[in-house]
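Reviewing the structure listed below.
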Amino acid sequence: MDKKLCVLPCNGIDKSLGVVARTVALKLIEKEPEMNLICPVLLNTSDERYETILKESNIVIIDGCMTRCATKLVDERNQKIFKRIFIPAMSKQFKIKPGTNLELNENGQKLAEKISIEIIKELKASEYDEISIEKKLEEFDFYEITVDKYYFQVPKDGYFFNENDCWVKPNGNTALIGISDYLQNRVSDIMFVELPKVGTEIEQFDDVGSFESVKTVLDLISPCSGRIISVNKDLKEHPEWMNQDPYRKGWFAELELKNFDEDWELLMDGSGYFKYMKETITKEKEEMDFKN
Amino acid sequence: MSESYDPEKETFMGVPRKKIPWWPTIDYVKCNFCMECDKFCPHDVYARIEGEEKKLIVKNQYNCVVFCRTCAKTCAPDALSFPNKREITKLIKKFRSENK
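Chains as they are written, first to last, in our numbering: chain A, 29 to 320; chain B, 1317 to 1416.
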C-alpha cells in the first residue's frame, strides 16, 4: 500500500449498523495491515495519541447512523479524507439488511465484507493513478512524416494500433490506451474529455469515453478488451495534452487486459500503422487536391 | 471523392469494406429529420432528399467508419442504430482466417 491510510469507524456498540461500521474497519485492517485503526473514544479524549498518524494519512470515515459521530470527530480538524462511508446507504446499495441485533448475523457480516472489498478496490485504483504517471513519461523512438504543414509521429516499439487510430501500450497484464498523433492532428484542438468509469468492463472496439475538439466529437475506440483500472484525470484540466503529447502525457485510460493474445491479432504494430497512416494521409491529400 | 477513390478496393483490417455490414440504420418512426447526424458526419454517409417523405437516407454506407457510431450521439430522438460490435468483430476475424 503506497498511500498512508487510517480508518476511523463509529464506536459500534449502540446500533447494529454501527456494529457493521466497526466490523468494516476491522476487516480493512485485516486486509491491509499497514492501515492504522483509530479508536473514536480515544481520539475524543486524548487526540495527541493520533496526532502523527492523522497528519501523515488520508482517512476513511465510517459512520453507522445519522448521528455521524466519526464524521463530527474529524470535521473539527483539517484532515485529508480518502473516503466517507455511511453504512445505511451502503446497506441500501447492496440490498443487505443486517437486522437489529448487536451481535452481527450472517447478513451483517456479508455487508461488512462487501463494503470493505469496495473500499480496498477504490484504494487500489487510486494507487494505479499514481503509478501510471511514471509509466507514461518513457521516451520512445518514432517514425515521422511531414505532410504540408502537418507533422506526424508513430512510436516504433511498444505500441499497437487499431484502424480507428487508437493505440494500446501493454505492460504485463495492464495497458495504457490513447489516440494517435494522426487522429489528434485530424480533430485539431481538443477542449473536453469524457473519461470512462474505473471498473468498467470493455470488449475490443468498444467506445471508451469521448473527446471534443474545436471541430468534432469522437469516441475513443478501444484497441483491446479489459477492465478500466485508472483514467488520466489530468486531462480534465489539460485536454490539450492529447494534442501535445498523445503517446505519453495524453494517455486516456489504463486497463487490466483480458484477452490481449487474441486482441493483438486485429492490431498493427508501429511500422504497420505508420504505413497505414501514410496511405490514409495520401488519400486525403488527393481528395483535398481534387476538391480544390 | 477523388478520381483515385475506388470503394471496391477499400479495406478495413485487411477485409474488403464491402464485406463488413457496418453502417447506421435510420428508424423513420423516431427520426424528426433534424439532420444533426448528417451535419456531423464528415464521410458523406447520409444524403438529404428534398421533396421525399424520407428526407434523409443512408446513401454511402461503405463510407461509414467501421466501429464509429458517434453520429448516433448527436441524435436526440435516438433514431439511429448500428450492428452489434461483437458480431462484426467475429465476422472480421472469420474473414481474415479464411483468407490467410
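C-beta: ideal position from N, C-alpha, C; glycine also. Quick caveat, the model's predicted, so the values are computed rather than measured.
Cβ closer than 8 Å: which chain A residues qualify as neighbours of residue i?
i	result
B:K1259	In the structure displayed, chain B extends from 1317 to 1416; residue 1259 of chain B sits before or after that span and is not available.
B:I1336	Chain A residues near B:I1336: none, gap ~11 Å exceeds 8 Å.
Which chain A residues sit within Cβ distance under 7 Å of residue i?
i	result
B:M1329	E191 and L294
With 8 Å set as the bound, which would you pick, yes or no: does the beta-carbon of residue i sit closer than that to a beta-carbon of chain A?
i	result
B:T1341	no
B:F1383	yes
B:I1408	yes
So residue i contacts chain B; which residues on that side make the cut at Cβ distance below 9 Å?
i	result
A:V245	F1356, T1386, K1389 and T1390
Any C-beta of chain B sitting closer than 8 Å to the C-beta of residue i?
i	result
A:I249	yes
What number of angstroms, rounded off, separates the C-alpha of residue i from the C-alpha of residue j?
i	j	result
A:I249	A:C194	7 Å
A:E134	A:I81	33 Å
A:L151	A:K59	12 Å
A:Y178	A:V259	29 Å
A:E158	A:D262	Because the pLDDT at A:E158 is just 49, under 50, the model does not fix this residue reliably, and the point stays unresolved.
B:C1347	A:V52	51 Å
A:G40	A:L71	15 Å
A:Y304	A:D297	10 Å
A:L56	A:L132	17 Å
A:K264	A:I207	16 Å
A:S85	A:R255	29 Å
A:D185	B:P1340	36 Å
A:A98	A:C38	5 Å
A:V102	A:D42	20 Å
B:I1365	A:I113	57 Å
Write down the C-beta distance between residue i and residue j rounded to the nearest angstrom, noting that I regard them as a contact closer than 8 Å.
i	j	result
A:V175	A:K313	7 Å
A:F189	A:Y301	4 Å
B:W1338	B:V1382	5 Å
A:I90	A:I124	Wrong, their Cβ atoms sit about 16 Å apart, outside the cutoff.
B:C1357	B:C1391	About 11 Å separates the two Cβ atoms, so there is no contact after all.
At a Cβ threshold of 8 Å, is residue i touching chain E?
i	result
B:E1414	The structure shown contains no chain E; the protein chains it does contain are A and B.
key: Segments assigned beta strand (DSSP E), at least 3 residues, entirely inside the region 72-132 of chain A   = The qualifying runs are 86-91 and 109-114.
ask   = What are the uninterrupted segments assigned as beta strand (DSSP E) that are 3 or more residues long and contained completely in the region 189-232 of chain A, given in chain order?
value = The region 189-232 of chain A contains these whole beta strand (DSSP E) runs: 194-199, 202-207 and 218-222.
ask   = Residue ranges of each alpha helix (DSSP H) run of no fewer than 4 residues wholly in the region 253-299 of chain A, ordered along the chain?
value = As far as the region 253-299 of chain A is concerned, its whole alpha helix (DSSP H) runs of at least 4 residues are 262-265, 269-272 and 288-291.
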